[in-house]
Each structure stands twice: as C-alpha cells, then as structure tokens.
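Undergrad: Below is a structure I'd like to ask you about.
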Amino acid sequence: MSVRHAILALLSEGPKYGLQLRQEFESGTGEVWPLNIGQVYTTLQRLERDGLIASDEPENDGPQKGFHITDAGSEELSNWLNTPSDMTSPPRDELVIKVLSAIRVPGVSVHDVIQVHRRYLVELMQQWTRLKEDEADFDLTFALVVDAELFRLDSVVRWLDAADGRLKRAASELQPASTMPRIARRLVVRR
Amino acid sequence: MSFLELRHISKSYGEGAAEVQALKNVDLFVDRGALVAVMGPSGSGKSTLLTIAGSLEEPSSGEVLIDGVGLSTMSRNDKARVRRRSIGYVFQDFNLLAGLTAAENVCLPLELDGLSTKRASAVGMAALEELGLADRAAHYPDELSGGERQRVSIARAIVGERHLLLADEPSGALDSTNGEAVMRMILAACKHGVAAVIVTHDAQLASWADRVVFLRDGQVVDQTLPPPTPEALLQESSHRRW
Chain A
1 MSVRHAILAL
11 LSEGPKYGLQ
21 LRQEFESGTG
31 EVWPLNIGQV
41 YTTLQRLERD
51 GLIASDEPEN
61 DGPQKGFHIT
71 DAGSEELSNW
81 LNTPSDMTSP
91 PRDELVIKVL
101 SAIRVPGVSV
111 HDVIQVHRRY
121 LVELMQQWTR
131 LKEDEADFDL
141 TFALVVDAEL
151 FRLDSVVRWL
161 DAADGRLKRA
171 ASELQPASTM
181 PRIARRLVVR
191 R
Chain B
1001 MSFLELRHIS
1011 KSYGEGAAEV
1021 QALKNVDLFV
1031 DRGALVAVMG
1041 PSGSGKSTLL
1051 TIAGSLEEPS
1061 SGEVLIDGVG
1071 LSTMSRNDKA
1081 RVRRRSIGYV
1091 FQDFNLLAGL
1101 TAAENVCLPL
1111 ELDGLSTKRA
1121 SAVGMAALEE
1131 LGLADRAAHY
1141 PDELSGGERQ
1151 RVSIARAIVG
1161 ERHLLLADEP
1171 SGALDSTNGE
1181 AVMRMILAAC
1191 KHGVAAVIVT
1201 HDAQLASWAD
1211 RVVFLRDGQV
1221 VDQTLPPPTP
1231 EALLQESSHR
1241 RW
C-alpha cells in the first residue's frame, strides 16, 4: 500500500493541507489505519520534489501550507489505479512453512498444527465480524475494510481446510493395502 | 441451564465391518440467546449432529435435552410437539413447498399447531414484514430469488414461539451479501432469546457465532475462546503501519 498514492487520490478531489490529508486518510480507511503526521509531511515533500504535487504558497512551511495535484500527479495516480498489484511472487508465508515443516517433524500431528491456526484465524474473523454487526455504526469505508480483512483471513482458513483434506487423503493412500497394486498384492499372497 | 444439551452423543450406521461411526461422544451446550456454529469438512458429522439435536434422528447412545427435558423420556407425540412448536429448521435447499405462497409457507407450521388461519396469517405476515419480505408474501417460491427464498425459510423457522433454531449451511448457495443478511436474521432471533446452532464449512458464516465448535471425524476437537472486545482488535491493528 502506498501512502504516496493515497495522498494523490485525496488531492485529486481538490487542494488540501497536511493535517487535513492525515484526517481524511484515516477516516477514508475506516479509522483502521492510523498515519503519523511526520509520515504525511515526508511524503508531501517527496511528491513535491517529483513534480506530482505543487504547493499553493511555496514560501509557507507551516501546517496550513496547501497542496494541489499536478497533471503529472494525475497521470501517476491513474496509472497506479489501473495497474494490477504484484501478486506473482511465490508464497513464502510463515504459516505455509509451518505446515510444510509439521509434516516432517516426528511426533507432531500436522492436523493438530493446522487446527491451532484455524482456530486462531476464526477467532480473529469473529472479532472483525462483531465490528460490522452493529448496523447503527454502519460506515461504508469501514465496512469495505472489514470485508477485505474477512476475505483475506477466510482465504487462509480455506487453504488450511484444503491442506487438511489433502493430507488426510494422502495418508490413507499410503496405507500398504491400498498403495500396492492389486496384482502385486496377489503375487505376494501366492508366494 | 442450557436450552439445548447434547450429552455424550454417539451415532453409528451399519453393522460389523460396514459400521461407520458418524459421531463419537459429542457434548454440546447451547444457552438461550446464544449462536453456536459447528464447523467441519464434509463427512465430519455436522449434519448428523444437527438432525439429532433437532430430534429428527435418534442417537445410538447419549442424551439430548431440550429445555432440561430428555428427548428419550418423551413419547412420540410429545417429541413431535417439541419439533413443531419449539424448533425451527433451516435447510440449505430451503425446503419450501412449491404450491404455497411465501406467506402460506410461513403460516403452515402455525396452522398445523392449531392456530386459526386468520391468527396464523397475522403472525406470519408480521414475521415476513420483519424480514423485509412483506411485498413478496403473495409470491410462490419459484417467483422468488435464492436470497428471498432463504429469508422466507428463516421466517418460517422463527415464526411463533420457537426457542431453538437449527440451520444446515443456511447460506449455502447464496452470495456473500445475501449470506450476511441471513446471518443478521439468525442473530436477531438470538437477540430475542432463541438458541441457535448452524453447521457450516464456511468460516465467514461461522464468524457470526458467539462460539465456534470444530468437528473432525465425528469428534469435537476444539472450540473458539470467548472473544476480546472489538476495541482490543482496533488497538491491535493501530500498531500496524503501512
């Protein structure tokens, strides 16, 4: 996630100053992601240096210094919005590595390891769901953020479920009676 | 005392070498007003658990108590009365009667229970109105969308003085918006004191529950702990930075 591009998006609505950008960033992410003011000013300086935004009063360095987006900034924002995020790298998730490791460790049940993580994830999902339960507090941006988190956690639970099932099937196929081809088994009996 | 108690429930099908044990010594307690989700993969025994809890099937051993009364101590007629009056069932495929309108489907259990047609109709309409379906009352099931059909089946399950709601994959074929609407309805029933059990393999559905019980190979292997407050979650996420 780029604070840089989020600030460009906020400035695309019209000129704003630093403190205002911070407040709008936070409310625009359902108050879930705080941003410190230092980070806002550092980002604004870099955006100005790169010609993506410009200051209305270059000589004013106070908190009320306003900024607007430039044509180059609008183009950069449009490119960012329309470029798919990079999701091509192979998963090197710690959870995946834990499950892969659990298969090899003697005396450890990989199913139990999976369950520990499944329960933790479902408990987290219960907490997020509870946040959207109260419709009186319904806030569109907040609901979108909560849904994103729920779908992310859900995808991990689904992977754990699939892994659990795949490991169970693999274990049953490894039983001597079923892994040995039927003809080979007959030969063994004859001998 | 829990409204629904399952004590040491086991269930097996078949005999000898062909015997399949669907449930092994399962305990489950559900208080009034509580929503419990039972999560597990296909074949874990979830649906069997629900049919036994709803007195639609007998356990091989163990005891089911509803409001403190053991089902095994009841006569056939008493059990039928409990099923009709106290328990509401929601099925994945809705199980609405095709020849009846939405309103008639909702009113049917009330009329079967001896309520006059007029009174049943008034109660049924009130339930449909509460679920935002008043304008669909005269429609037949095949004139309703999947989401509407499931809402009608929930209205039918909670209408009258039901105290226990049992739902098998209640949003099975629905999209996430309709699934969420269904869970909000079940939760609203719980807020009125109904004890509810849903069985599902879907973590998003299960996450609406107060407690999630995990079933594997017919046994309860784990359950969630009581959740911390939402404030704790927001505090935790406020440590996260981009």
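If you're matching them up, the sequences are chains A and B in order. The numbers in this note's numbering rise by one with no breaks, and the one at position 107 of the first sequence is 107. With the second sequence counted from 1, adding 1000 to any position gets you this note's numbering. All C-beta atoms, glycine included, are put in the ideal place defined by N, C-alpha and C. What you are looking at is a predicted structure, and each value in this text was computed from that prediction instead of being measured.
To the nearest angstrom, report how far apart Val122 of chain A and Ser1207 of chain B are at their CA atoms.
TA: Working through the first sequence from its first residue, we reach residue 122 of chain A at position 122. Working through the second sequence from its first residue, we reach residue 1207 of chain B at position 207. Roughly 6 Å between the two C-alpha positions.
Undergrad: Could you tell me whether the Cβ of His5 of chain A comes closer than 8 Å to any Cβ of chain B?
TA: As a position in the first sequence, residue 5 of chain A is number 5, starting the count at 1. No, its Cβ sits nowhere closer than 8 Å to a Cβ of chain B.
Undergrad: How about Leu1243 of chain B: is its C-beta nearer than 8 Å to some C-beta of chain A?
TA: Examination of residue 1243 of chain B is not possible in this model, given that chain B is present from 1001 through 1242 alone.
Undergrad: Please report how far the alpha carbon of Gln23 of chain A lies from the alpha carbon of Gln45 of chain A, in whole angstroms.
TA: For the purposes of this step, residue 23 of chain A is taken as residue 23 along the first sequence, with counting starting at 1. For the purposes of this step, residue 45 of chain A is taken as residue 45 along the first sequence, with counting starting at 1. Approximately 18 Å between the Cα atoms of the pair.
Undergrad: Could you name the residues of the same chain whose beta carbon sits closer than 7 Å to that of Met1001 of chain B, not counting the 5 residues immediately before and after it, in chain order?
TA: Working through the second sequence from its first residue, we reach residue 1001 of chain B at position 1. Answer for Met1001 of chain B: Gly1068, listed in chain order.
Undergrad: With a CB to CB cut of under 7 Å and the five nearest residues on each side skipped, what residues in its chain are close to Ala163 of chain A?
TA: Locating residue 163 of chain A in the first sequence gives position 163, where the first residue counts as 1. Within the same chain, Ala163 of chain A has close Cβ partners Val99, Ile114.
Undergrad: So, are the CB atoms of Ile1087 of chain B and Arg1162 of chain B less than 8 Å apart?
TA: By one-based count along the second sequence, residue 1087 of chain B stands at place 87. By one-based count along the second sequence, residue 1162 of chain B stands at place 162. Yes, Cβ-Cβ distance for Ile1087 of chain B and Arg1162 of chain B is below 8 Å.
Undergrad: I want to see whether chain C comes within less than 8 Å of Val122 of chain A, judged by CB atoms only; does it?
TA: Absent from the structure is chain C; the protein chains it does hold are A and B.
Undergrad: Under three-state DSSP, which class holds His1192 of chain B?
TA: Taking the first residue of the second sequence as 1, we reach residue 1192 of chain B at position 192. Correct three-state label for His1192 of chain B: coil.
Undergrad: Assign Ile97 of chain A to buried or exposed, taking buried as 16 or more other Cβ atoms, counted over all protein chains shown, within 10 Å of its Cβ.
TA: The count along the first sequence starts at 1 and reaches residue 97 of chain A at position 97. With fewer than 16 Cβ atoms within 10 Å of its Cβ, Ile97 of chain A is classed as exposed.
Undergrad: Indicate the three-state DSSP secondary structure (helix, strand or coil) for Asp1027 of chain B in the structure shown.
TA: On the second sequence, residue 1027 of chain B is found 27 positions in, with the first residue counted as 1. DSSP places Asp1027 of chain B in strand when its eight states are reduced to three.
Undergrad: Please name the residue, chosen from B:Phe1091, B:Ala1102, B:Leu1023, that lies closest to Glu1058 of chain B on a Cα-to-Cα basis.
TA: Mapped onto the second sequence, residue 1058 of chain B falls at position 58. The residue with the shortest Cα to Cα distance from Glu1058 of chain B is B:Leu1023.
Undergrad: Excluding sequence positions up to five away, which residues of its chain have a Cβ less than 7 Å from the Cβ of Phe1094 of chain B?
TA: Against the second sequence, residue 1094 of chain B aligns to sequence position 94. Excluding positions up to five away in sequence, the list reads Arg1149, Gln1150, Ser1153.
Undergrad: Beta-carbon separation of Val1036 of chain B and Ala1173 of chain B under 8 Å?
TA: Position 36 of the second sequence, counted from the first residue, corresponds to residue 1036 of chain B. Position 173 of the second sequence, counted from the first residue, corresponds to residue 1173 of chain B. Result no, Cβ atoms of Val1036 of chain B and Ala1173 of chain B do not sit closer than 8 Å.
Undergrad: Kindly give me the distance between the Cβ atoms of Ser55 of chain A and Gly38 of chain A, rounded to whole angstroms, as I take these residues to be in contact under 8 Å.
TA: Counting from 1 along the first sequence, the entry for residue 55 of chain A is found at position 55. Counting from 1 along the first sequence, the entry for residue 38 of chain A is found at position 38. That belief does not hold up - the Cβ atoms of Ser55 of chain A and Gly38 of chain A are roughly 18 Å apart, past 8 Å.
Undergrad: Check the Cβ-Cβ distances between Thr1177 of chain B and every residue of chain A, and say whether any is below 8 Å.
TA: By one-based count along the second sequence, residue 1177 of chain B stands at place 177. No, Thr1177 of chain B does not count as interfacial toward chain A.
Undergrad: What does Thr1224 of chain B touch in chain A if you count any residue whose Cβ is under 8 Å from its own?
TA: As a position in the second sequence, residue 1224 of chain B is number 224, starting the count at 1. In chain order: Arg119, Val122, Glu123, Gln126.
Undergrad: Taking Thr129 of chain A as the query, report the chain B residues whose CB atoms sit under 7 Å from its CB, ordered along the chain.
TA: Locating residue 129 of chain A in the first sequence gives position 129, counting from the first residue. What Thr129 of chain A touches in chain B: Ser1207, Trp1208.
Undergrad: Does Tyr1089 of chain B pass the burial test, meaning 16 or more other C-beta atoms within 10 Å, or should it be called exposed?
TA: Translated into positions along the second sequence, residue 1089 of chain B becomes position 89. Buried.
Undergrad: What are the partner residues of Lys16 of chain A, as DSSP defines its beta bridges?
TA: Within the first sequence, the letter at position 16 stands for residue 16 of chain A. DSSP, once it has assigned bridges, lists A:Phe67 as partnering Lys16 of chain A.
Undergrad: Does the distance from the CB of Lys132 of chain A to the CB of Ala143 of chain A come in under 8 Å?
TA: Locating residue 132 of chain A in the first sequence gives position 132, counting from the first residue. Locating residue 143 of chain A in the first sequence gives position 143, counting from the first residue. A contact, by the Cβ cut-off of 8 Å.
Undergrad: Assuming Leu1096 of chain B and Asn1105 of chain B are in contact, meaning their beta carbons sit under 8 Å apart, how far apart are those beta carbons, in whole angstroms?
TA: The residue labelled residue 1096 of chain B in the question sits at position 96 within the second sequence. The residue labelled residue 1105 of chain B in the question sits at position 105 within the second sequence. Rounded, the Cβ-Cβ distance is 5 Å, consistent with contact.
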